Every structure is written in structure tokens, then in C-alpha cells.
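Working notes, structure below.
Number of protein chains: 2
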Amino acid sequence: MPELRKDPIIDRWVIISTERAKRPSDLIVEKTSTRGGFCPLCPGNEDKTPSEIFAIREGNTAPDTAGWRLRVVPNKFPALISSGELNKRTEGIYDKMNGFGAHEVIIETPDHTATATTMMVEDFKNIIIAWRQRILAYGQDSRFRYISIFKNYGIVAGSTLEHPHSQLIALPVVPKRAVEELDGAQAYYSHRDRCVFCDIIDQEITDTRRIAAENPGFLAFEPFASRFPFETWIIPKAHAASFEQADEALIDELANMLSCVLKKINAALGSPPYNLMLHSSPFNTDVGAFYHWHIEITPRLTRVAGFEWGTGFYINPTPPEQAAQYLREAWIG
Amino acid sequence: MPELRKDPIIDRWVIISTERAKRPSDLIVEKTSTRGGFCPLCPGNEDKTPSEIFAIREGNTAPDTAGWRLRVVPNKFPALISSGELNKRTEGIYDKMNGFGAHEVIIETPDHTATATTMMVEDFKNIIIAWRQRILAYGQDSRFRYISIFKNYGIVAGSTLEHPHSQLIALPVVPKRAVEELDGAQAYYSHRDRCVFCDIIDQEITDTRRIAAENPGFLAFEPFASRFPFETWIIPKAHAASFEQADEALIDELANMLSCVLKKINAALGSPPYNLMLHSSPFNTDVGAFYHWHIEITPRLTRVAGFEWGTGFYINPTPPEQAAQYLREAWIG
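First to last, the protein sequences are chains A and B. Counted from 1, the first sequence has number 14 at position 14 by this note's numbering; the numbering is strictly sequential. Counted from 1, the second sequence has number 526 at position 193 by this note's numbering; the numbering is strictly sequential.
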């Protein structure tokens with residue numbers, strides 16, 4: 001019998017469906033094929049991207065030349081434009097504003113062929129430092145309300161460039177998904193005077209069945225109401241609303257955990273396409289007591305179709321308890 | 334400059350981004366290839382599906398034999414099971430219940446190779462009659478709260494069977510997406526004493542730029558805050574909360590409009606993969622004044638990736654005004 005499970009933060013139901021796991025088309029891992037051709041993100045091609053905003057470099061190499069370990073540049077095809085005003089206005093009953101914002105590409109390594117499996121913990125640390133530095137920079141500008149940090153790996157997950165990279169989009173409004181999480185966490189807090197994420201961490205550590213990995217600073221687990229097979233969250237054990245407040249020691253622990261979890265996902269599933277999303281608090285909001293930052297990683301192994309789009313329900317053919325066991329047992333050398 | 338637009342019903346922002354339309358990988362129509370092989374939904378194979386629940390048949394042909402124009406059967410791999418009790422319970426801080434519900438397949442035509450382009454208005458009428466009949470049947474059973482009717486066309490849109498079909502999932506809870514729409518419509522109504530959908534219809538008919546097609550009963554238009562290129566809604570002009578209350582005359586008009594819109598989408602975009610979702614009111618709720626049923630059709634031409642999953646924001650590279658013009662001008666013979 002399938003099980004209906006409710007997400008404890010937002011009112012989203014999922015169907016954990018063992019019956020559907022039997023379908024032959026389920027859990028097919030679409031290979032991330034090598035596309036070849038010219039790569040504008042590779043060392044030596046620094047003039048093919050807009051000028052760098054931030055970099056971690058070896059020695060005294062000059063900006064926009066080779067010699068970098070990590071490089072952040074504006075997206076050449078930005079979703080939002082960082083000049084001009086918001087100019088909020090209406091059109092009859094509709095609301096609109098200018099597409100003000102920012103869109104950056106974090107080039108995670110000079111090695112075009114690197115994957116989470118081959119990257120070192122040091123590489124992950126560089127990525128996390130870059131994310132933090134860029135969020136702190138945008139936090140200085142009151143026109144920005146929220147920063148979305150995400151990574152698309154593989155064509156199926158929406159990646160259009162093969163070279164390892166993540167992205168940042170700075171938004172002038174707090175997006176719907178963040179508002180839902182904040183509202184849900186606030187409602188829980190107002191009833192119980194506790195952070196819902198802290199309660200989840202406590203229960204998962206006690207239960208153990210959904211734990212994928214753990215270190216002193218972080219828990220990696222499969223959520224009780226996972227929408228997708230092998231959906232994995234990485235969350236700091238100590239309560240904290242904002243990722244960018246993480247100190248050096250916590251960044252070390254996160255680099256370690258991110259490396260471990262992505263290597264385990266690659267080992268268990270054969271390097272599947274995935275999306276990674278940082279969920280952190282908006283700027284200038286008083287959510288410190290009830291919000292708790294975390295990272296969500298969702299391998300793309302099932303297709304989202306009319307039922308999911310029409311209802312917001314998800315059908316997950318792999319119980320999170322089983323997925324966690326696969327990940328715990330995945331050997332990563 | 335891209336534009337940020339807000340959905341007037343739910344607080345969802347989209348980026349209408351002309352800049353991103355230039356990307357070569359945008360708006361690639363993935364072909365629905367013929368997969369061949371044995372088809373359990375074809376005439377003559379009635380014994381390969383569970384017994385039929387409803388059918389539109391020629392003459393006096395017997396159930397579960399050939400001679401049908403349309404056939405409704407239980408899904409052989411159901412997401413939910415229609416026996417047993419809900420058994421609502423907790424697991425620590427989490428809520429769950431048994432996966433009670435129902436899952437049916439509407440086999441839309443005996444012709445395996447039929448598409449919206451080749452199907453007659455009469456075929457669409459049969460489909461709409463079947464949807465209505467099945468919803469009315471579930472409405473008799475107080476254990477069901479909401480019916481999701483949807484169609485996945487093409488592999489990219491999540492279809493696993495090639496034979497033309499739509500699906501029905503009967504749910505014991507009102508899903509998140511429906512709650513959001515109901516809450517948004519109710520909030521609008523409580524402020525203005527008007528249905529937000531009726532106001533949208535009025536504005537779109539006055540504006541005309543986003544209209545894709547129109548007949549006496551229905552408006553087909555591209556929403557102001559379209560999430561996807563060529564997202565198209567079909568909505569009855571007269572206020573009505575529940576699809577299943579549609580009378581014979583309105584069903585004729587809807588068959589005509591559904592046929593017209595899908596043929597236009599196929600003509601304009603080369604038969605793209607798409608999802609179709611019926612949005613109608615839950616059972617046994619008092620939403621008649623402020624809710625308004627409609628059909629949402631979303632061609633799958635862009636990939637949903639980390640940014641969309643992480644924020645609930647969408648990036649739409651085709652302004653709905655442009656998409657509507659393409660559809661208005663699409664020649665469908």
C-alpha cells in the first residue's frame with residue numbers, strides 16, 4: 001500500500017509509492033554525455049566571459065587571465081539586469097516591475113572534466129567561500145531581497161554548459177518558495193516555540209533510518225516527505241537562519257559533507273543529473289528564531305508531469321528510508 | 334530589459350526575459366518519437382488492461398471487447414489504491430496516512446496514431462464527457478476530496494504510453510496547488526467582491542493581445558504571468574466553479590475550443606510535448622462565488638532547473654503577447 005506523507009514545513013503531500021517503483025521506466029539515469037566543442041569557461045578563454053567579479057587565484061596572477069582555482073563572472077545571458085530601477089507599476093489588475101536583479105556564474109574549477117567524484121574537499125571549500133562572499137556583497141545593497149544559489153548538473157537537470165559551475169541570481173523580491181518555507185516555519189514556531197528544522201534534525205538523529213551521512217557540523221538526510229528519489233538535504237545541526245554567517249570551521253565541515261554526499265549520490269546512482277539549491281533567509285528580515293538554512297539536492301530520476309504540475313503532489317517511487325540506506329552503503333573510497 | 338510579472342491569483346513571480354530568448358538551446362521542440370512494440374491500450378488488447386469502468390461504444394458491443402470509441406480503465410500501476418481506510422496517523426512530528434485514492438486511464442481513441450491534429454471535435458467531446466462522468470461518479474463518495482484530470486503528451490512531458498490517453502487521480506486531500514488557488518481567489522474576492530478569474534477574462538477580452546482563440550463559451554489566452562512559453566489557459570466566460578456542472582451545450586463549445594487550441598499549438602510549434610491539467614473545485618466546499626474552473630496547457634519547451642525548483646520563480650523566454658500572436662496566426666485548416 002502506498003503512503004501519503006505530509007511535509008512538516010509546507011503543506012505539501014507526497015505519495016511514497018512502492019507499487020510504481022516496479023515500472024521499468026522508473027529510475028533511469030540519463031547519462032550526461034560529453035558535448036565537446038569550445039568552452040568559454042575554460043582557462044585561457046577568460047576574454048570570452050564578462051570580466052570576473054571574484055576569483056580564488058594561485059600566486060599573483062592577474063584578473064581575467066589563467067591561474068585561477070575558481071572564478072565568478074556575470075552571466076553572459078542574464079535572466080535579470082543589474083542596472084536601472086524597479087519601477088513597480090500595474091497593468092489593469094496585474095502587477096509588474098522591471099527585471100532588475102543580478103545573475104552570476106561560479107566557475108567551480110579550471111578542470112573542464114571535473115565532477116563531484118573527482119573534486120577534492122578543497123575545491124568544495126572554494127565554492128562555498130565564493131557563494132558566501134557573493135551573498136555578503138549583495139547584502140550591502142538594499143535593492144536586493146533574496147539570493148538564490150543553485151547548480152544544475154547534466155542536460156536533464158537544465159545545464160546548458162558542461163564545465164562545472166553553479167549560479168547565483170539576486171532578486172528584488174522574496175520568491176514564493178521562500179515565503180512558503182518562512183510562513184510554515186513561523187507557524188510551527190508560534191505554536192511550539194521551537195524551530196521546525198531543529199525538531200526535524202532531532203527526530204532524524206534519533207530515528208537514524210533516513211540519515212545519509214553525518215559529521216560534527218552537518219546532517220545529510222532524506223526528508224520524510226521526499227518529493228523525488230534520493231532527494232537529500234544537508235543541514236547544519238546548530239540553529240542558524242543565514243548560510244552566509246557560517247564561519248571558517250563550519251565551512252570546512254560543509255565542504256566535507258557536500259563532497260561526501262555528492263560522491264555518494266554519484267556512486268549509488270552512476271552520476272545522475274541533479275539540481276542543488278541553497279535555501280537561506282532573505283535579507284533584512286527577522287526570521288532568526290524560526291528559520292534554518294539548508295541545502296537541497298534533488299537527483300533528476302523521475303519526470304515531473306501533469307499530475308505534479310496540476311496539484312503540487314509528488315509521486316516518489318523510492319521510500320526515503322531505502323534511499324538513505326543506499327547512500328549510507330555507497331562506497332566513496 | 335526583462336520584466337517581472339506577478340500572477341494575480343497566487344503570489345508567484347515570473348521573469349519574462351527577452352534576452353534569454355536568444356539562447357540557441359531555448360525553445361527546442363523534442364520530437365515525440367514512435368516507440369513501436371505492443372500497445373495494451375489498442376483495440377483487441379482489452380484483456381491486457383483491468384476491466385473497463387466506462388466506455389463510449391458503437392452499437393451493442395460488449396464491455397472489454399473491441400468496438401469502443403473511448404474507454405476508461407483503472408491504471409495497472411496505480412499511484413494510489415482504492416481499497417482500505419485512510420488511517421491518518423503521526424510518526425513523531427510527521428503526518429501520514431495510507432495511500433488511499435484512485436487512478437484511472439482514459440483511452441481517448443482506438444487509433445494508436447491519432448494526435449490532437451488528426452482528432453475530430455467529436456473525439457474531444459467524448460473525452461470531455463468521460464472526464465465529467467468520472468468526476469460525477471467520485472463525487473458520490475465522501476472519502477474523496479479532489480479529482481486531478483491531466484494529460485501528458487510526449488516522453489519529455491512524462492508520458493510512458495504512446496497511445497492517446499489522459500489520466501484521473503482521485504485524492505483524499507485537497508492538494509497544495511488547489512489550496513493556493515482557492516486561497517488566492519478567496520482573498521481577491523473578500524477585498525473586491527468579484528471573482529479574480531472573471532476580472533482576468535474581462536481584462537483579456539478588452540486588451541486582446543494575449544488571446545489565442547475565442548468562441549461564445551470559452552476564452553483561450555496566454556496568462557499575463559505565464560510560467561512557460563506558450564502556456565495557454567482555456568476558461569469558460571460564464572462564472573462556474575466546477576467543471577463537472579457543464580451542460581451539453583457548454584461541452585460542445587469546450588470540445589470545439591480544446592480541439593482548436595491543441596491543433597494551433599501543434600501547428601505553431603511542431604507537435605511539442607505538453608501537459609494539460611484541469612483545475613476545478615474540490616468536492617463539498619463552498620467556493621462557488623470565488624473559484625472558476627479552467628484548463629491549463631503547458632508545452633514543455635524549456636527545462637525547469639535549480640532556480641525554478643529553489644525559488645518558485647520561472648523564467649519565460651517568450652512574452653505571452655508574442656506567443657498569443659503566433660497561436661492566433663497558426664493555420665489549422
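In this text, a Cβ means the ideal position worked out from N, Cα and C, and glycines have one as well. As the structure is a prediction and not an experimental result, all values here were calculated from the model.
Span of the beta strand (DSSP E), counted from its first residue to its last, around B:Tyr471: Not the beta strand (DSSP E): B:Tyr471 falls in the alpha helix (DSSP H), residues 454-471.
Under 9 angstroms between C-beta atoms of A:Gln325 and A:Arg227: no
Among A:Pro317, A:Arg328, A:Val304, the one whose alpha carbon lies nearest that of B:Asn485: Per the C-alpha coordinates, the member of A:Pro317, A:Arg328, A:Val304 positioned closest to B:Asn485 is A:Val304.
Where A:Pro272 falls: helix, strand or coil (DSSP): coil
Terminal residues of the alpha helix (DSSP H) in which A:Asp183 lies: Per DSSP, the continuous alpha helix (DSSP H) segment holding A:Asp183 begins and ends at 176-192.
CA nearest to the CA of A:Ser259, picked from A:Phe283, A:Ala79, A:Thr302, A:Ala212: A:Ala212
Residue-chain proximity (B:Asn589, chain A), Cβ-Cβ < 9 angstroms: no
Residue from B:Met453, B:Asp474, B:Trp401, B:Ile598 with nearest C-alpha to B:Ser416: B:Asp474
Min CB distance B:Ile343 to chain A below 9 angstroms: Yes, because at least one Cβ of chain A sits closer than 9 angstroms to the Cβ of B:Ile343.
Backbone secondary structure at A:Pro8 - three-state DSSP: coil
Residues bridged to B:Gln500 (per DSSP): B:Val438, B:Phe483
7 angstroms CB neighbourhood of A:Arg71 in its chain, flanking five on each side removed: Its chain contains Glu52, Ala55, Ile107 as the residues whose beta carbon lies nearer than 7 angstroms to that of A:Arg71, once the 5 sequence neighbours on both sides are disregarded; these appear in chain order.
Straight-line Cα distance separating B:Asp532 from B:Glu539: Looking at the sequence shown, residue 539 of chain B is not Glu but Thr. Spanning the two alpha carbons is a distance of roughly 11 angstroms.
As assigned by DSSP and simplified to three states, the class of A:Pro299: strand
Between the CA atoms of A:Ser159 and B:Arg356 - distance to the nearest angstrom: At B:Arg356, the pLDDT of 36 sits below 50, so the modelled position is not reliable and the matter cannot be decided from this model.
Contacts of B:Pro508 in chain A (Cβ-Cβ under 9 angstroms): Arg12, Trp13, Gly310, Thr311, Gly312, Phe313
C-beta contact flag for B:Pro569 and B:Asp340 at 9 angstroms: no
Within chain B, the residues that A:Ala157 reaches when beta carbons sit closer than 9 angstroms: Arg636, Ala638, Gly639
Three or more C-beta pairs below 8 angstroms linking the stretch 126-139 of chain A and the stretch 95-109 of chain A: yes
Interface partners of A:Glu3 on chain B, CB under 8 angstroms: Lys429, Met430, Asn431, Gly432
Nearest residue (CA-CA) to B:His496, options B:Ala447, B:Thr644, B:Asp580, B:Ala553: B:Ala447
Distance, B:Leu504 Cα to A:Glu308 Cα: 13 angstroms
Backbone CA spacing between A:Val287 and A:Glu104 [nearest angstrom]: 26 angstroms
Interface residues of the stretch 169-200 of chain A facing chain B [CB-CB below 8 angstroms]: Ile169, Leu171, Pro172, Val173, Pro175, Lys176, Arg177, Ala178, Val179, Glu180, Val196, Asp199, Ile200
Alpha carbon of B:Asn649 to alpha carbon of B:Gly639, nearest angstrom: A direct Cα-Cα distance of roughly 15 angstroms separates B:Asn649 from B:Gly639.
Inter-residue CB distance, B:Ala553 and B:Ile342 (contact presumed, cutoff 8 angstroms): 18 angstroms between Cβ atoms; not a contact.
Beta-bridge partners of B:Lys429, as assigned by DSSP: A:Arg5, B:Arg422
Helix, strand or coil at A:Glu214 according to DSSP, with G and I counted as helix: strand
Cutoff 8 angstroms; reference B:Gly432; Cβ partners in own chain excluding five residues on either side: Correct list, in chain order: Ala412, Leu413, Ile414.
Whole beta strand (DSSP E) elements within the stretch 528-600 of chain B, 3-residue minimum: Within the stretch 528-600 of chain B, complete beta strand (DSSP E) segments of at least 3 residues are found at 544-547, 551-554, 565-569, given in chain order.
Pairwise C-alpha distance: A:Asp193 and A:Asp252: 31 angstroms
N- and C-terminal bounds of the alpha helix (DSSP H) containing A:Ala55: First-last for A:Ala55: 54-57, but that is the beta strand (DSSP E), not the alpha helix (DSSP H).
Cβ neighbours of A:Pro319 in the same chain (closer than 6 angstroms, five flanking residues each side left out): Ile16
Neighbour flag for A:Ile211 against chain B, beta carbons, 9 angstroms: no
Cβ-Cβ distance between A:Thr298 and A:Tyr274 below 9 angstroms: yes
Contact list for A:Ser17 against chain B, beta-carbon separation under 7 angstroms: Ala412, Gly432
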